[in-house]
Amino acid sequence: MKRILIITAIASGLFWSGCQKDLDTYQGESGIYFDHQEKETQNNLRADTLAFGWGQIDGDILETKISLRINLIGDVADYDRKFQVKVAETIIPEELKGKMEVAVEGVDYRSFETECMIPAHEVSTNLDITLLRTEALQTESRALTVALQETEELKFLYSREVTDKENNRRRIDLQRVIVMNENLAKPDWWYRHESIFGEYSMKKSITICDVMGIDRTEWISNAYGNRTAYLIFIGQYMQRWLNEQDPPIYEEDGETLMTMGPDSQN
């Protein structure tokens, strides 16, 4: 039975190369913007991007709910104020083409409610989105862009700004780009046990964890590095399991047959 993981992910900004500043705010009016928390740039992701990694989450969890916080700036009202969000065009950066694709509704995420509301006497609300896990995430990232829509009562009064490499300025807190993938780090100890597991691949590591019921976070930590006898058992068990699969299991290139190392061939 699949499990569902519920995660509250307050939208974070990843600091993009270039400069950044806060826009002026206005008295007597109210506006909306995505909550942000500055972080360092990682993996070419931009400042309006929230990265979600499935890699350390157990393989039987096939969907997860994230919450993007939308903040109010300006006056608090004694009545509910509605506004809309929309799925906007996702522009894949040139350097990520071939490594990232646009997320598809029903495949990579579930349809979600696009009418939002700042409740009476409140200063924020959450936009909930359910992300779906697919095998494609093992070889490429998927990106979904969600944009705010202003109204007469809730305008675009505030956002950070950035200047990109082409010297273009843009406001970054009026949308969020959710990027997800299945990246699982290579265990530091793997090189010492290549005779058991063979050449490393992320797909092989994920397959081992899923078949053996191993917690992925523990697998990539040092917890298994010195458990040589148990690793030998895992390697031999996995090789027998691979031998029994029909159709056979291939590596990420779709051509190389997945095998364990020479010490697991007995």
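Just so we're aligned, residue 822 is where the sequence shown starts under my numbering, counting upward by one.
Quick reminder that beta carbons are idealized off the backbone N, C-alpha and C, glycines included.
The structure displayed is predicted, hence computed values, not measured ones.
Between the C-alpha atoms of residue 877 and residue 1010 there is a straight-line separation of about 17 Å.
Taking all protein chains in view, the Cβ of residue 1059 is crowded by 16 or more other Cβ atoms within 10 Å, so the residue is classified as buried. Of the residues 873, 1053, 1076 and 857, the one whose Cα lies closest to the Cα of residue 1002 is 873. DSSP assignment within the stretch 923–987 yields the following whole beta strand (DSSP E) runs of 3 residues or more, N-terminal first: 936–939, 945–953, 962–970 and 981–984. Contact between the stretch 958–966 and the stretch 980–991 is absent: fewer than three C-beta pairs spanning the two stretches fall below 8 Å. Within a 10 Å sphere around the beta-carbon of residue 1078 sit fewer than 16 other beta-carbons, which makes this residue exposed.
Secondary structure of residue 1049 (DSSP, three-state): helix. The stretch 1073–1087 and the stretch 1012–1026 touch, with three or more beta-carbon pairs separated by less than 8 Å. Here DSSP, grouped into helix, strand and coil, assigns residue 1024 to helix.
The alpha carbon of residue 1019 has as its nearest neighbour, out of 957, 1084, 1039 and 972, the alpha carbon of 1084.
Note on residue 942: under 16 other CB atoms within 10 angstroms of its CB, so exposed under the neighbour-count rule.
When the Cα atoms are used, residue 1004 and residue 896 turn out to be separated by approximately 43 Å.
Taking residue 1041 as the centre and dropping the five residues before and after it, the same chain places the C-beta of 1006 and 1008 closer than 6 Å to its C-beta, in chain order. A residue is called buried when at least 16 other Cβ atoms come within 10 angstroms of its Cβ; residue 1050 does not meet this threshold and is exposed. For the options 921, 924 and 1062, the alpha carbon positioned closest to that of residue 1032 is the one of 1062.
Relative to residue 1087, the option among 1017, 1038 and 1045 whose CA is nearest is 1017. Annotation: residue 1014 to residue 1043 spans about 13 Å, alpha carbon to alpha carbon.
Here the stretch 881–890 makes no contact with the stretch 907–926; the two share fewer than three CB pairs at distances below 8 Å. Taking residue 894 as the centre and dropping the five residues before and after it, the same chain places the C-beta of 846, 851, 852, 853, 854, 978 and 979 closer than 8 Å to its C-beta, in chain order.
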